[in-house]
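Quick note on the UniProt record's numbering: the sequence shown kicks off at 1 and runs consecutively. Beta carbons are placed, not taken as given, at the ideal position from N, Cα and C, and that holds for glycine. Here is the structure we will look at.
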Amino acid sequence: MIYGTVMLMKKNDTFITQSMLSSYLAVETKDYLELILPFVCMCLPEKIDDMIELEKTQSALKQNYGLDIPVNVVEKLLIRLCKQKRGAVVKKISSGYAVNSIYNADEFENRTRKIKKSIDAVISKMQKYMHKEKYMKDASSDKMREYLVVFLDTYNYSVLDDTQSLDAITLNKNSESNYYVAQFILTEYANDTAEFQDILEIIKGSLVAKSIYYFMNSENDISKKRIQGTKFILDTRVLIDILGLNLQQECKATRELLELIISNGGKVVTFDYYVEELRGIIHRFEKTPETRLELSLNWFVRNGYSSQDVSAYAGTIEDRLQEYNIDIIHKPDYEKNITTQKWHIDYAQLRDVLNQQIDYRTKKDEYYSDALIHDVDTIEAIAYERGNSKRCSIFNCKVIFITKNTDICNTIFSLYKNDRFRNGEVNFAMSDVDLTSIIWLSTFGKNSDLPKLKLLEHAYSACAPSRIIMSEFLAKVHSLEETEKISQEMAIMLRSQYATINDLSEISHNKEGSVTDEVIFEMVRRVKNRAEKDVKIQLRKEICELQKERKEVEEDRDAVEKRRNELIGEQRKTSKLKQDTEIVIDNLEKKRNALSKEKAEYEKKVEYVKTKQKDLIQKAKDKANMIKVITKILIYVVLSVLSFGITLLFAIGTWKISDLTDVSLVWSYVYVGSVSIICLVITIISIVKWLSFYVSKVAVKVYDYCYSREIKKHKEFFD
Numbered sequence: 001m002i003y004g005t006v007m008l009m010k011k012n013d014t015f016i017t018q019s020m021l022s023s024y025l026a027v028e029t030k031d032y033l034e035l036i037l038p039f040v041c042m043c044l045p046e047k048i049d050d051m052i053e054l055e056k057t058q059s060a061l062k063q064n065y066g067l068d069i070p071v072n073v074v075e076k077l078l079i080r081l082c083k084q085k086r087g088a089v090v091k092k093i094s095s096g097y098a099v100n101s102i103y104n105a106d107e108f109e110n111r112t113r114k115i116k117k118s119i120d121a122v123i124s125k126m127q128k129y130m131h132k133e134k135y136m137k138d139a140s141s142d143k144m145r146e147y148l149v150v151f152l153d154t155y156n157y158s159v160l161d162d163t164q165s166l167d168a169i170t171l172n173k174n175s176e177s178n179y180y181v182a183q184f185i186l187t188e189y190a191n192d193t194a195e196f197q198d199i200l201e202i203i204k205g206s207l208v209a210k211s212i213y214y215f216m217n218s219e220n221d222i223s224k225k226r227i228q229g230t231k232f233i234l235d236t237r238v239l240i241d242i243l244g245l246n247l248q249q250e251c252k253a254t255r256e257l258l259e260l261i262i263s264n265g266g267k268v269v270t271f272d273y274y275v276e277e278l279r280g281i282i283h284r285f286e287k288t289p290e291t292r293l294e295l296s297l298n299w300f301v302r303n304g305y306s307s308q309d310v311s312a313y314a315g316t317i318e319d320r321l322q323e324y325n326i327d328i329i330h331k332p333d334y335e336k337n338i339t340t341q342k343w344h345i346d347y348a349q350l351r352d353v354l355n356q357q358i359d360y361r362t363k364k365d366e367y368y369s370d371a372l373i374h375d376v377d378t379i380e381a382i383a384y385e386r387g388n389s390k391r392c393s394i395f396n397c398k399v400i401f402i403t404k405n406t407d408i409c410n411t412i413f414s415l416y417k418n419d420r421f422r423n424g425e426v427n428f429a430m431s432d433v434d435l436t437s438i439i440w441l442s443t444f445g446k447n448s449d450l451p452k453l454k455l456l457e458h459a460y461s462a463c464a465p466s467r468i469i470m471s472e473f474l475a476k477v478h479s480l481e482e483t484e485k486i487s488q489e490m491a492i493m494l495r496s497q498y499a500t501i502n503d504l505s506e507i508s509h510n511k512e513g514s515v516t517d518e519v520i521f522e523m524v525r526r527v528k529n530r531a532e533k534d535v536k537i538q539l540r541k542e543i544c545e546l547q548k549e550r551k552e553v554e555e556d557r558d559a560v561e562k563r564r565n566e567l568i569g570e571q572r573k574t575s576k577l578k579q580d581t582e583i584v585i586d587n588l589e590k591k592r593n594a595l596s597k598e599k600a601e602y603e604k605k606v607e608y609v610k611t612k613q614k615d616l617i618q619k620a621k622d623k624a625n626m627i628k629v630i631t632k633i634l635i636y637v638v639l640s641v642l643s644f645g646i647t648l649l650f651a652i653g654t655w656k657i658s659d660l661t662d663v664s665l666v667w668s669y670v671y672v673g674s675v676s677i678i679c680l681v682i683t684i685i686s687i688v689k690w691l692s693f694y695v696s697k698v699a700v701k702v703y704d705y706c707y708s709r710e711i712k713k714h715k716e717f718f719d
């Protein structure tokens, strides 16, 4: 089963619902069922108190807006409309529901008119683009709507009605029309036009519708849900996108989805056999260059990987997946679970149904391909891990298989719908687009570019040749090679060059059955032109490099010549400097000799002066000492005379005293003599002690004076 809005192929009504849902989402980011309420109000009876029949409302929603809503959900929406804060558009009565007030449809109709106008602008611009590029003769507005509808349906954005809408589709093969639509979308994206934003709104609305269909029976608001440890198992194709081995836009979109899963509580894993399957594809790419364009590993071709580089890359897959937080797990043994569970999967039945419904490419002498067995093992593992059937969503289902092959999802849903999924259990497998819609809506408001990335991913994918076109191309190249209409070397180039993919799409427009001999010859011509162009570019590049080298050589030569002239000038300066230096050295030598002579004479003079000084000093000292001694002697003689005179005066005085007394003369002499001698001795001792200091001081001064006078007489020796 594919979830989404039903495309209404009524003129001017196509895409209205999708764009309306997106426009309401930009305003209302609450409960996702709120987005459907305006559509329900537009389907109500037009008179107050008229009864509201659930089945008629359900039919009107599908017929007018392509919303296939279950009856129980319609009733849930009517209950919401009964609330006063909704304006009580509906009221509950004993027999059911009735109109309480007329819904004011002005805002809805204004929004519808604006959206119709924008969609008409997209269709009109699409027509002009087709005429300008000369893609087709019939570029009517109806045809453009049909092309856009088929593009959205191809990439699982919406589904076509089983009756009128399917009858309105005239395309039997969609690869050509998808190519035209993709080219238009990419052109508008490159120019950042309003029409691209309008197409993006349709995509957003389709993703909203998918989420609504998944959770219309949920009791909780999807915008408030968080993943409760669910494991998301990735298949080989999704691993290729995460590792960026094919188209860049696929890589961006898938990595964005991976980041949202992990940031919202999910776990991302893959089985070891998917890793080995990817490794086998890489080794096949390495060993068989003629099959490289079929293997969706264009990254190796774009980056010019050699066989050794590719082989080395294959050995690092586990480490690279670990960098993106993807765990590699092994399939457990479920034999014990089979005996304890009431329900278990019929392995052989699942294998045979998938083999019948899905185009698994098998090798020769191989009935079941490895890819088929791997997918069956994965579904079996998921069924056993979930256990018995119970209501659950991707947020709490324990484990779910994520694949880019919607046929697997639809086949599994149809096979186990009655046994497992009718009671609200989410499918065992889900497409990456469906998962994108749910994860994106649950994280709305976090500025995620996931819808735009998915749109660009599918646009680039539609520009690449389909599997059928590639098979036709390779078969035609092989045929022309065998008939020698093209060389073996050219055939190898056509099968291995990345540019071949673009050439094939541009020439064939991805139209099935259009790969003729002329197409191959045109591709050969383009290859040769590119080769010639590459040679010319290489020659120009080499010429430019030679000219650059020549210019550099000339510049080097000029620099050498300039340097040579500078060196000659410096040499001349050096010679002159040498001569000047020699002259200076001679002058310095002469001055040095003169100074040496003067120094010798000076030293002799100094020696003479020193000797003379010593002699003069010694003579001055001797003379000063002699005068000093004489001075001391004279002083002491003078002192002695003074002492004697004093003694004599004392004796005379004593004698005079004795004459005046009655003492005899002898005793007077004895008495006076004794006293005089004693006084003389005492006087002399006292005078000597008292005057010795001054005598010494006077002697020193006399010495200094005499010494200085002698030195001054010969002062020429002391200056």
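Spatial neighbours of residue i within its chain, please: C-beta separation below 6 Å, excluding the five flanking residues on both sides.
i           : result
residue 648 : none
residue 345 : 380 and 383
residue 407 : 358
residue 572 : none
residue 289 : 496
On the DSSP letters alone, give me the boundaries of the beta strand (DSSP E) that residue i sits inside.
i           : result
residue 329 : 326 to 329
residue 400 : 399 to 403
State the start and end residues of the unbroken alpha helix (DSSP H) segment that holds residue i.
i           : result
residue 230 : Run containing residue 230: none; DSSP gives neither H nor E here.
residue 271 : Note, residue 271: premise wrong, no alpha helix (DSSP H); beta strand (DSSP E) at 267 to 271.
residue 292 : Taken as a continuous stretch (DSSP letters only), residue 292 belongs to no alpha helix (DSSP H), as it is neither H nor E.
residue 390 : No alpha helix (DSSP H) holds residue 390; DSSP gives it neither H nor E.
residue 34  : Element bounds for residue 34: n/a, residue is neither H nor E.
residue 395 : Segment: none, residue 395 is in no alpha helix (DSSP H) and carries neither H nor E.
residue 72  : 71 to 81
residue 56  : 54 to 65
residue 144 : 141 to 154
residue 49  : No alpha helix (DSSP H) contains residue 49, which DSSP labels as neither H nor E.
residue 251 : 248 to 263
residue 307 : 307 to 314
So, for residue i: in the same chain, excluding its five sequence neighbours on each side, which residues have a beta-carbon less than 8 Å away from its beta-carbon?
i           : result
residue 477 : 486, 491, 494, 495 and 520
residue 625 : 703
residue 297 : 240, 245, 246, 281, 282 and 285
residue 586 : none
residue 35  : 21, 24, 25, 28, 208 and 212
Rank the options by C-alpha distance to the C-alpha of residue i and give the top, closest one.
i           : options               : result
residue 644 : 677, 618 and 515      : 677
residue 514 : 475, 621, 603 and 538 : 475
residue 483 : 333, 299, 570 and 517 : 517
residue 457 : 584, 254, 397 and 697 : 254
residue 333 : 385, 548 and 431      : 385
residue 249 : 115, 358 and 450      : 450
residue 45  : 436, 101 and 200      : 101
residue 43  : 24, 108 and 94        : 108
residue 454 : 48, 202 and 608       : 202
residue 112 : 200, 369, 17 and 271  : 17
residue 226 : 369, 438, 308 and 132 : 438
residue 149 : 561, 580, 271 and 177 : 177
residue 236 : 175, 686 and 274      : 274
residue 152 : 544, 299 and 199      : 199
For residue i, which residues of its own chain have a beta-carbon under 7 Å away from its beta-carbon, when the five flanking residues on both sides are left out?
i           : result
residue 123 : 141, 144 and 145
residue 268 : 232, 234, 258, 261, 262, 325 and 326
residue 167 : Unreliable positioning characterises residue 167 in this predicted model, as indicated by a pLDDT of 40, which lies under 50. The coordinate reading is nonetheless provided below. Closer than 7 Å at Cβ, skipping near neighbours: no residue.
residue 172 : Note that residue 172 has pLDDT 47, beneath the 50 cutoff, so the model's placement of it is unreliable and the number below is only indicative. Cβ neighbours of residue 172 beyond the five flanking positions: none.
Should residue i be counted as a contact of the ligand GDP given a C-beta to heavy atom distance under 7 Å?
i           : result
residue 627 : In terms of ligand content, the structure shown is empty, and the ligand GDP therefore cannot be addressed.
Where are the beta strand (DSSP E) runs, 3 residues long or more, that stay fully inside the region 83 to 136, in chain order?
Correct list: 90 to 93 and 96 to 99.
On the three-pair Cβ rule with 8 Å, is the region 223 to 242 touching the region 252 to 268?
Yes, they touch.
Taking 8 Å as the threshold, find out whether the region 310 to 330 comes into contact with the region 515 to 529 through three or more Cβ pairs.
With a cut-off of 8 Å, the region 515 to 529 and the region 310 to 330 do not count as touching, because too few Cβ pairs lie within range.
Go through the region 413 to 453 residue by residue and report every complete run of the beta strand (DSSP E) that reaches 3 residues or more, in order.
Taken in chain order, the whole beta strand (DSSP E) runs of length 3 or more contained in the region 413 to 453 are 429 to 431.
Quick check on the DSSP output: what are the complete alpha helix (DSSP H) runs of length 4 or more inside the region 470 to 513, in order along the chain?
Fully enclosed alpha helix (DSSP H) runs of 4 or longer: 488 to 496 and 499 to 508.
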